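Below is one structure, written out as structure tokens, with a few remarks after it.
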């Protein structure tokens, strides 16, 4: 892979090249990507989707929207810092008009969208959708589909749904948001189809990121960016900037979820402060820290230092591994190679124990599982009956509440995928309300 190709400004449907030198620096194409994402309805729905605490009644707990905004800010810093070093290392980039803020804009836009395909109720929402198709009824419905199409549904994946949403043609928006290919490449953490599952231990093979419905589109993006590989077990390389998007996410959920757990009282302040101090010991200003009198102020100070330390360290790792990044051989995340990995693992360990598996979280995940399964069954039954011309009176009522995009006519796979994408698009609150309606509780 080479950086000039990886930074392509091409958008889907372009018939002429977009050169960096021709860009308006006051309205850079990569910055337009960010604007299109943040003004989209898909992004707006993240304000009522779970980050960790479903249906939280407190104002300070993060939603998918606040998490995504924070990840984009961290991603912008990572991208700009890395971009400054890359421009020094590759002078041909400057000769073609690229600047360090280009890298920041690409990473920020991809990071902003990184959770845009996630269903309500966190990762339990993905599992709920997949489990429906593992049931006897769901399995029978998709028996005529190809093995890969079936696997798309059995392992419904928020990352693949995000790519689908960003590029899906809807009324008034052919080609979806039409983001730059560099941004789309940086967005795709897992540049593979649902099968084969985990053909290698490379981090890019951990999950899948492309539905069968989007294979042709992604092939075009990969060809433009030079992501294609000759390894049949790994046909596409991960875009190098994806590692920075991933690092931004890793940094934020490590530190910010930990902060949420402290603010909720799930983790004792003394223990929490000790763990954070271990992460920032080299940078802490003792006089400043000891002058802080409240838990919130102390945590905020340490959080700021921790994020700054991790950003700098991840950029150093990124630059040290340039050859591996460009030949696709870097098999692990940047934070796994960080000198702060032991401290990160300590924080994640207690967060898993005290927050992710807290009874309040588990109980709401159980409820979310039931909610989404019930909605999906009603929507799929009505949609498939509509496709087969066997609509009942109840089906007609369900169809009334569905958007036109859920009733695509291409075939059974597209219809089932559209139903899943509709359910995934619901917010926590809207899905709870719809569940009550479907179950006769007005």
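Numbering (this note's numbering), first residue to last: 379 to 820. Each residue gets a CB set at the ideal place from its N, CA and C atoms; glycine is no exception. Only a predicted model underlies this, so the values are computations on that prediction, with no experimental measurement involved.
Nearest Cα to residue 800 within the set 380, 660, 458 and 420: 420. For residue 787, the secondary structure class from DSSP, reduced to helix, strand or coil, is coil. By the 16-neighbour rule on beta-carbons within 10 angstroms, residue 789 is exposed. In the three-state scheme derived from DSSP, where H, G and I count as helix and E and B as strand, residue 579 is classed as coil. For residue 509, there are no CB contacts under 6 Å within the same chain when 5 residues up- and downstream are skipped. Residue state for residue 548 is assigned as strand, using DSSP reduced to three classes. In the DSSP annotation of this structure, the continuous segment of the alpha helix (DSSP H) that includes residue 771 starts and ends at 771-779. Burial state of residue 478 is buried, judged by a 10 Å Cβ sphere holding 16 or more other Cβ atoms.
Taken in chain order, the stretch 456-532 contains no complete beta strand (DSSP E) segment of 3 residues or longer.
Inter-residue distance for residue 728 and residue 651 is about 13 Å (C-alpha atoms, whole angstroms). The stretch 633-696 contains, as complete alpha helix (DSSP H) runs of 4+ residues, the segments 647-658 and 664-668 (chain order). For residue 716, there is no enclosing alpha helix (DSSP H), since its DSSP letter is neither H nor E. For residue 562, the enclosing alpha helix (DSSP H) begins and ends at 559-565. Counting only residues of its own chain and dropping the five nearest sequence neighbours on each side, residue 455 has a CB closer than 8 Å to the CB of 482 and 689. Counting other Cβ atoms within 10 Å of its Cβ, residue 589 reaches 16 or more and is therefore classed as buried.
Between residue 449 and residue 492, the CB-CB gap stays under 8 Å. Excluding the 5 residues flanking it on each side, residue 691 has same chain C-beta neighbours closer than 8 Å at 716, 717 and 718, in chain order.
Sorting 466, 542, 465 and 557 by C-alpha distance to the C-alpha of residue 412 places 557 at the top.
By the CB criterion at 8 Å, residue 662 and residue 683 fall inside the cutoff. Per DSSP, residue 399 is not a residue of any alpha helix (DSSP H), being assigned neither H nor E. The beta carbons of residue 416 and residue 532 sit about 33 Å from each other, so the pair does not count as a contact at 8 Å. Judged by pairs of C-beta atoms under 8 Å, the stretch 516-527 does not touch the stretch 539-546, as fewer than three such pairs exist. A direct Cα-to-Cα measurement between residue 406 and residue 399 gives close to 11 Å.
Under DSSP, residue 614 shares a beta bridge with 606. In the three-state DSSP reduction, residue 428 falls in the strand class (E or B). DSSP, reduced to helix, strand and coil, places residue 393 outside both helices and strands of the structure shown, so it counts as coil. Residue 668 has its alpha-carbon roughly 40 Å from the corresponding atom of residue 466. Taking each of 677, 813, 499 and 576 in turn and checking the Cα distance to residue 740, the smallest one comes out for 499. In the assembly as shown, residue 817 is an exposed residue. Its beta-carbon has fewer than 16 other beta-carbons within 10 Å.
Of the candidates 660, 664, 672 and 627, 672 places its Cα closest to the Cα of residue 640. Just so you know, the alpha carbons of residue 777 and residue 463 end up roughly 54 Å apart. Going by DSSP, residue 571 is part of no alpha helix (DSSP H) at all; its letter is neither H nor E. Here DSSP, grouped into helix, strand and coil, assigns residue 444 to helix. In the DSSP assignment, residue 746 falls within the unbroken alpha helix (DSSP H) covering 737-765. Beyond the five residues adjoining it in sequence on each side, residue 657 comes within less than 7 Å, by CB distance, of 684, 687, 718 and 721 in the same chain, given in chain order. Contact check for residue 617 against residue 601 fails: the beta carbons are separated by 8 Å or more.
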